[in-house]
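Q:
Numbering (this note's numbering), first residue to last: 13 to 355.
Next comes the structure, spelled out in C-alpha cells:
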C-alpha cells in the first residue's frame with residue numbers, strides 16, 4: 013500500500029492552503045487562519061505550524077506582510093516561519109542560527125502583544141526555549157511549583173495553558189526543552205499525561221518521550237520486548253483508551269503523527285487488534301515518525317517497517333477482535349506547575 017506522507021492528513025482545507033503557499037499565493041492561508049480561532053485553538057495551533065513549514069523555503073509570508081503590514085495573521089505566520097528556520101538552523105549547526113532565533117523571538121513577542129487571546133505566540137516562544145541549552149535567558153529558568161521538575165520556561169507554558177488548556181504543541185515543546193537539558197524526559201511525559209483530560213492527545217506524550225529517549229533501532233530486538241512489558245503496555249493502553257477511543261467520531265481531526273506513534277506502540281507491544289484500528293483511522297495518510305527513528309534514520313527501512321506493521325496488525329486482527337477494559341485513571345488534582353521565582 014502506498015502511504016501519503018502529508019502532515020495535513022484528513023484536513024483538506026489545510027492541504028489546499030499549503031498548496032497555495034507553495035505556489036507563492038497567501039490568500040488561502042489568510043482565509044483559513046482567519047476562520048480558525050477560539051475555541052478551535054488546538055486546530056489553529058496545528059494549522060499554523062504546518063503552514064509555516066510549507067512557507068519556510070520561500071518568501072511568500074514576507075511578501076504578504078509587505079503587502080498587508082497591518083495583518084495579524086501575516087505577523088503570526090512570520091513568527092512561525094522564523095521559529096521553524098531557527099530550529100532547523102540549530103539542528104544543522106548553522107552559525108547564523110542565533111539571528112533566526114532573535115528574529116523569531118521578536119516576531120513572537122510582537123504577535124503576543126497584538127492579540128492577547130492567541131496561544132500560538134506563546135507556543136512559538138516555548139519552541140525557542142530548547143535552543144537555550146544553558147538557560148541563559150531568565151524566562152527559561154523559572155522555578156516550577158512541582159519539585160521534581162527542573163527550572164525552565166514554565167511561565168511561558170502557563171501563558172499558553174491559560175489561553176488553551178493542555179495545548180498539544182505547547183506541552184510537546186516543553187517536553188523538548190526538558191529533554192534538551194535533562195534527558196531522559198519520559199517521566200515528564202508520563203506526569204503530564206496523568207493529568208490530561210480524556211480525549212487529549214497529551215495521553216500520547218509518554219510514547220513520544222519513549223521513542224526520543226531510547227533512540228530505538230529496528231535491529232535491536234530488545235526494544236520491542238521492552239514495549240511488551242506490563243508497565244509499557246499499561247501506558248500504551250492508557251493512550252488508546254483515553255485518547256483514541258474518545259475521539260471515535262473525530263478521528264479525521266487527529267494529528268497523523270499522533271496516530272502513527274500510537275500505531276507503532278500498539279504493534280510493537282503485540283496489541284494487534286487495537287493497532288489495526290489505529291492504522292485504519294490513519295489510512296491513507298502516514299507520518300515519517302516514529303518509523304524513521306526506529307529504522308535508524310533510513311527512509312527506505314522506515315517505509316518498509318511501517319508497511320510490515322500495518323499488514324501484520326491487519327492480518328492478525330482479522331477474526332480476533334476483542335475487548336479490553338480501560339485502564340484505571342490516575343488520581344486527579346493537577347497542581348499548578350508553572351510560575352514561581354526566576355531567582
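Virtual Cβ for every residue (Gly too), placed ideally from N, Cα, C. Fair warning: this is a prediction, and the values are worked out from it, not measured in the lab.
Using the rule of at least 16 other Cβ atoms within 10 Å of the residue's Cβ for burial, across every protein chain shown, is residue 145 buried or exposed?
A: The residue is exposed, with fewer than 16 neighbouring Cβ atoms inside 10 Å.
Q: Are there 16 or more other CB atoms within 10 angstroms of the CB of residue 17, so buried, or fewer, so exposed?
A: Under this definition residue 17 is an exposed residue.
Q: How many angstroms separate the CA atom of residue 231 from the CA atom of residue 307?
A: For residue 231, the predicted structure reports a pLDDT of 47, less than 50, and the residue's modelled location is therefore unreliable. The matter cannot be settled from this model.
Q: Please tell me whether residue 205 and residue 258 are closer than 8 Å, where the distance is taken between their beta carbons.
A: No, the pair does not count as a contact, with Cβ atoms beyond the cut-off.
Q: How would you label residue 272, buried or exposed, when you count the other beta carbons within 10 angstroms and need 16 or more for buried?
A: The residue is buried, with at least 16 neighbouring Cβ atoms inside 10 Å.
Q: Does the region 274 to 282 come close enough to the region 236 to 250 to have 3 or more Cβ pairs within less than 8 Å?
A: With a cut-off of 8 Å, the region 236 to 250 and the region 274 to 282 count as touching, because enough Cβ pairs lie within range.
Q: Around the Cβ of residue 270, are there at least 16 other Cβ atoms within 10 angstroms (buried) or fewer (exposed)?
A: Flag for residue 270 reads buried.
Q: Hey, is the region 56 to 65 in contact with the region 17 to 28, meaning 3+ C-beta pairs nearer than 8 Å?
A: Contact holds: three or more Cβ-Cβ distances are below 8 Å.
Q: Quick one, are the C-beta atoms of residue 300 and residue 314 less than 8 Å apart?
A: Going by C-beta atoms, residue 300 is nearer than 8 Å to residue 314.
Q: Rounding to the nearest angstrom, what Cα-Cα distance links residue 86 and residue 43 in this structure?
A: Looking at the two C-alpha atoms, the distance is approximately 11 Å.
Q: When you compare the CB positions of residue 165 and residue 184, do they come within less than 8 Å of one another, or not?
A: Not in contact: residue 165 and residue 184 (Cβ atoms no closer than 8 Å).
Q: Entirely within the region 14 to 80 and at least 4 residues each: give me those alpha helix (DSSP H) ranges in chain order.
A: Runs of the alpha helix (DSSP H) inside the region 14 to 80: 24 to 34, 39 to 46, 53 to 67 and 72 to 79.
Q: May I ask you to report which of helix, strand or coil DSSP gives residue 148?
A: In the structure shown, residue 148 sits in coil (DSSP, three-state: anything other than H, G, I, E or B).
Q: If I measure Cβ to Cβ from residue 127 and keep anything under 6 Å in the same chain, skipping five residues before and after, which residues do I get?
A: If we look at residue 127 and ignore the five residues flanking it on each side, its Cβ neighbours are 84.
Q: Between the C-alpha atoms of residue 155 and residue 120, what's the straight-line distance to the nearest angstrom?
A: Taking the straight line joining both Cα atoms gives about 23 Å.
Q: For the alpha helix (DSSP H) that contains residue 251, what are its first and last residues?
A: Segment 242 to 251, the alpha helix (DSSP H) holding residue 251.
Q: Output yes or no for whether 8 Å exceeds the beta carbon distance between residue 187 and residue 200.
A: Contact flag set, yes.
Q: Is the Cβ-Cβ distance between residue 140 and residue 113 less than 8 Å?
A: In this structure, residue 113 lies closer than 8 Å to residue 140 by Cβ.
Q: Which residue wins for smallest C-alpha separation from residue 244, given the options 280, 255, 212 and 261?
A: Here the closest residue by C-alpha is 280.
Q: Is the beta carbon of residue 213 sitting closer than 8 Å to the one on residue 193?
A: Cβ distance not < 8 Å, so residue 213 and residue 193 don't count as in contact.
Q: Can you give, in chain order, each stretch of the alpha helix (DSSP H) that sits fully within the region 85 to 137 and has at least 4 residues?
A: Runs of the alpha helix (DSSP H) inside the region 85 to 137: 109 to 126.
Q: Can the beta-carbon of residue 79 be found closer than 8 Å to that of residue 135?
A: Going by C-beta atoms, residue 79 is not nearer than 8 Å to residue 135.
Q: For the alpha helix (DSSP H) holding residue 272, just list the boundary residues, first then last.
A: Counting along the chain, the alpha helix (DSSP H) containing residue 272 begins and ends at 268 to 280.
Q: Closer than 8 Å by C-beta to residue 284: which residues in its own chain qualify, once you throw out the five before and the five after it? Chain order, please.
A: These residues qualify, in order along the chain: 278, 324, 325, 328, 329 and 332.
Q: For residue 211, name the three-state secondary structure that DSSP assigns.
A: DSSP places residue 211 in coil when its eight states are reduced to three.
Q: How about residue 49 and residue 40: do their beta carbons lie closer than 8 Å?
A: No, they are not a contact pair.
Q: With DSSP as the reference, identify every bridge partner of residue 164, one or two as the case may be.
A: DSSP, once it has assigned bridges, lists 154 as partnering residue 164.
Q: Taking DSSP as the reference, what is the three-state secondary structure of residue 231?
A: Here residue 231 scores only 47 on pLDDT, less than 50, and its place in the model should not be relied on; the value that follows carries that caveat. Coil.
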